[in-house]
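The block underneath contains the structure these notes are about, expressed in structure tokens.
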Amino acid sequence: MSKTINSILATDCGSTTTKAILIEKIDGVYRLIVRGEAPTTVEAPFDDVTKGVLNAVEEVEDLVHIKGNNGRLIIKDGQIVVPQQGEVGVDAYVSTSSAGGGLQMMVAGVVKSMTGESAERAALGAGAIVMDVLATNDKRLPYEQIERIRHLRPDMILLSGGVNGGTTKHVAELAEIISAADPKPRLGSSYQLPIIFAGNVKARDLVKKELKDKTDLMITDNLRPTLEQENLGPARDKIHDLFMEHVMAQAPGYKNLMAWARTITDEGQNTENVDIMPTPGAVGNIMKTIARLENIEVVGVDIGGATTDIFSVFTEDQVFNRTVSANLGMSYSISNVLASTGMKNIMRWVPFEMPEKDVRNMIKNKMIRPTTIPHLAKELILEQAIAKEALRLAFIQHKEFAVTLKGTQQKRDISEAFSQATSGKSIVNMMSLDILVGSGGVLSHAPRRNQAAMMLIDAFLPEGVTKLAVDSIFMMPQLGVLATINEEAATSVFEKDCLIHLGTCIAPSGKYKQGKIALEVKIELPDGVFEEEIPFGEIRLLKLDVGENAKATIIPKYGNDVGAGNNKELTTTISGGVVGIIIDTRGRTIEFDEKLGVETKRIHIPENETDRVKSLKKWMIAFQAYPKDQLK
Amino acid sequence: MAQAYTPGLKITKSTILKKERILPLKGEVVVKIGDKVKADDIVARTELPGDVIPVNVANKIAIQASDVQEKMLKQVGDKVQKDEVIARSKTFFGLFKSNLKSPITGSIENISSITGQVLLRKPPVPIEVKAFMDGIVSQVFEGEGVEIENKSAYIQGIFGLAGEITGEIKVVVDSPNSELTEDLIDESCEGKIIVGGSMITYAAMQKIIKMKVKGVIVGGVDDEDLKKILGYDIGVAITGHEKIGFTLVVTEGFGPIKMADSTFKILKEFERHKASMHGKTQIRAGVMRPEVIIPITFKEDELKEKQAELTGLKIGSPIRVIRQPRFGEIGNVTALPEELVVVESETRVRVLKAEMKDGVEIIIPRANVEAIEE
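Quick look at the structure:
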């Protein structure tokens, strides 16, 4: 089917902006041609999402005309034309949507850390925002749970609970609570709230009895059939179906948009519909696709104004996880970053003094005027310090969520017994991670790409050898939905036009030894060999361009590891980027975070104020992150 | 290309205002089209279903869940009084009785023989929606609410706290650049909406609560002081529900910032007039800003809807700077260059040139100014 597609239009209808990209096959390779955008028109006074889509596509047409192809059109008679006929239309039109706040769900399970968590994973993986997790052991009284459901008004509820053959009573209890709340959907009052039951097969009749008349109940396979097994696929598919049938169909103009989203099916002129995907679900899809095709481990982050989404694919089984840190963002919720991490953690990254009062006022002013941009260098440094904390906190949440199944009885081999592998252990492994991809305004639009690399390294603390990249214009959602109909086109554009390769980070894990040598490094660069014994507490930046590779031999010291084992030499090929190779010997030591009340890995920053400022300035200069004269 | 500047907050001496006053769920509208209403008049009312209280009857009187239905003295739909016996079990050949009393006055919602739970519902809670501003009922949404229309002087704030109030305006500072300090607040401020200049101090906020001042309109406020008044840090910008003893409308932002001359002038002109105001702020899709509404007399034929126009910035347009440097200052656009310019932070942005009040011409990102609507 895919070989017949020569032109693709993909749109992403966000809450504020609708983005459109045009992809065409040129000399046998799919490439991004142009990108257009226009304000989303899902709210009053327009109340029709297709107007914003047509405006964005008109901009695409204009830009194609500017490029010299004057006859090319995509819209005819106020509609997107599929398939392409001559110079008019495209062979496929696909779209994602997060307009109107995206898909908002509540999930419920018997035990919060078991079926509750599995249900949460299913909903997040399908691209939803999880508003709350109900569980029989969530320490709330039933009336509090009922009040919560009535107050939140989700788009749908995913009810799970009980492994097959397990408890039915607790599942019935949850169904009773949902029934008592008599929940109403957020959009439109003319239909019943969709509820998916994906729990113990033996509890199906009880759930039906309680909820069939009051809600639009769907039953699907148990998402946790046994304690040792998660089966999230059927529940996720059901969420997608209901998202299309209920949530999307209620939103203004979406019926037309759903009818427009089509692709050709064969050499002829037949076409079929393509489902509209929730934006984060589509981003997850492209991450999974890339991880599978290249057999790599991936972490992706999208930091927005209100929320931070983190996606990861880890382990041999390519386990996918997504988390949404709902109130960690750079404008709407910037103030919550301060409230969550505290002033001390933010100012830890700032190499100059600023009265707390001024910092607080600056943060609040950004919150109430979210579209302003830092004019002064000091304000940029401060905003990027806040971004590091938002990313760090979101990643801590992600690591706590991306775990092996809890409550399982594991058969261990001898090595696992020694490594104390337990159920509920995070599967996020920064040493084996292959690539870290950043997107969102503060990363994608940083004035210098070096700043994006610095923010990613300071927040995520990659270990060993890790590639870094940013999504230049945030087209991952469109590519994610495109991957469902044409993987080749999606991956080709992802690699060639979407990602900006920043370079590679080399960092030893583990202990920091003041004044000692951390690494012996030899890198065969195109313009000569770099060879140095690098002490702890340093940053080195080496030039290695996009598309260039270099052979590196790295020997870590003092029990540190760069991927081959403690103190073991690693020889590998590393790839370049617009920033180059960054060697980071600032340590990855475990410290107690007073504000968060947990032990976390941090880079070693001196406690003493003078030394701290001196170190930060030294590293920022080495990163070439800011103009030197601004750091004086 | 999209407009790269913030459309200014609306500040005007006279505008036709329409406000929807909608019930949280269906109910009864108690006014009709054409009725003249005062801010405190009730326009619609409904009843919110009472809270649900689950009681595990099976556990409480030590019976099987499957026996609950049989042991209930009340059935689904029946009304119950607090402490009324609703279930009874007999044990040991009927010698001992175990009674279960209702913890609330309400009705029986559901009886489950699977879990042994009985759901009790409290009586409904009446909800009333007031007109909020003096005006005329221009539309009725059957069972849902109304639209009130009037002619008003109108000021949109940038940020606020706490809910709807009405009160008389009293200006307590002598210039838009003056601080609102505690010594300016006395008994004469009780029940009023007072107007400050560039900033309100923490001590002044405490005095406001003590003197039972209803509301404050001021240019700026320190976030540290707000944290002390609230007892917590504001996380995300959704406000309006705070219980701090007064309603706050901030017109410019955080920190000491001179109140815009035009805002101060309007408030001064309408001193001693009755105003309706709220501090509800939500900064996201569907932005909501705090409002000060000062109804003025009008004839009904004046209430003609004008289409809002979104005009771009032009040479000569008045603007206000909304970020450092020169935060809060006012000037006029002198040039709108098309090409992107690199500013001190090295960000490449669309800029404009403006001549400021002190005669200095500055270059500033368009995203960091707001148009002042006349």
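Chains Z and F supply the protein sequences, listed in that same order.
This note's numbering applies: residue 1 is where the first sequence begins, and numbers increase by one.
This note's numbering applies: residue 633 is where the second sequence begins, and numbers increase by one.
Backbone N, C-alpha and C define an ideal beta-carbon position, used for all residues, glycine too.
Model, not experiment: these values are computed from the prediction.
- Between the segment 558-570 of chain Z and the segment 481-498 of chain Z, the count of Cβ pairs shorter than 8 Å is below three; the stretches do not touch.
- By the Cβ neighbour-count rule, Phe-728/F is exposed, with fewer than 16 other Cβ atoms within 10 Å of its own.
- Contact of Arg-982/F with chain Z is not assigned, every C-beta pair being separated by 8 Å or more.
- Assignment of His-375/Z by DSSP, reduced to helix, strand and coil, places it in the coil class.
- As the crow flies, the alpha-carbon of Asn-1000/F is around 7 Å from that of Ile-373/Z.
- Residues of chain Z with a Cβ closer than 9 Å to the Cβ of Gly-885/F are, in chain order, Asn-361, Lys-364, Asn-365, Ile-368 and Arg-369.
- Beta bridge pairing from DSSP links Ser-784/F with Thr-647/F and Pro-927/F.
- Chain-order list of chain Z residues neighbouring Ile-996/F: His-375, by C-beta distance under 9 Å.
- Boundaries for Glu-607/Z: no alpha helix (DSSP H) harbours it, and the DSSP string shows neither H nor E there.
- In this structure, the straight-line span from the alpha carbon of Gly-863/F to that of Arg-392/Z is close to 26 Å.
- As a beta-bridge residue in DSSP terms, His-910/F pairs with Glu-923/F.
- Among the CB atoms of chain F, one or more fall inside 8 Å of the CB of Lys-169/Z.
- Nearest Cα to Ser-730/F within the set Lys-783/F, Ser-698/F, Arg-904/F and Lys-703/F: Lys-703/F.
- Of the residues Phe-886/F, Ile-926/F and Ile-915/F, the one whose Cα lies closest to the Cα of Arg-904/F is Ile-926/F.
- Residue state for Ala-394/Z is assigned as helix, using DSSP reduced to three classes.
- Interface criterion met: the Cβ of Asn-1000/F is under 8 Å from a Cβ in chain Z.
- Counting only Cβ-Cβ distances below 8 Å, Asn-742/F has contacts in chain Z at Glu-176, Ser-179 and Ala-180, in chain order.
- What Thr-307/Z touches in chain F, judged by beta-carbon distance under 8 Å, is nothing: the nearest beta carbon there is about 10 Å away.
- Between Val-201/Z and Asn-256/Z, the C-beta gap is not smaller than 8 Å, which leaves the two residues out of contact.
- Take Val-708/F, set aside five residues on each side of it, and the residues of its chain with a beta-carbon closer than 8 Å to its own are Ile-740, Glu-741, Asn-742 and Ile-743, in chain order.
- Taking CB atoms only, Gly-792/F has no neighbour in chain Z less than 8 Å away.
- A straight-line Cα-Cα distance of about 25 Å links Ser-95/Z and Tyr-191/Z.
- Residue pairing by DSSP places Arg-348/Z in no beta bridge whatsoever.
- Ser-472/Z and Gln-451/Z have their C-alpha atoms roughly 14 Å apart.
- Within the segment 963-980 of chain F, Val-974, Val-975, Glu-976, Ser-977, Glu-978, Thr-979 and Arg-980 place their CB atoms closer than 9 Å to a CB of chain Z, listed in sequence order.
- The three-state secondary structure of Pro-234/Z, taken from DSSP, is helix.
- Where Asp-857/F is concerned, the enclosing alpha helix (DSSP H) starts and stops at 855-862.
- Close to Ile-146/Z, with beta-carbon spacing below 7 Å, are these residues of chain F in chain order: Val-684.
- Sixteen is the threshold: when 16 or more other Cβ atoms of the shown chains lie within 10 Å of the Cβ of Leu-541/Z, as they do, the residue is buried.
- Between Pro-234/Z and Met-620/Z, the C-beta gap is not smaller than 8 Å, which leaves the two residues out of contact.
- In the structure shown, the three-state DSSP call for Phe-773/F is strand.
- Approximately 18 Å separates the beta-carbon atoms of Ala-282/Z and Val-42/Z; this is outside 8 Å, ruling out the contact.
- Taken through DSSP and simplified to helix, strand or coil, Asn-321/Z comes out as strand.
- Contact with chain F is absent for Thr-341/Z, since none of that chain's Cβ atoms lies less than 8 Å from the residue's Cβ.
- Judged by pairs of C-beta atoms under 8 Å, the segment 671-686 of chain F touches the segment 747-760 of chain F, as three or more such pairs exist.
- Considering only Tyr-786/F, Gly-799/F and Ala-694/F, the residue with the shortest C-alpha distance to Cys-821/F is Gly-799/F.
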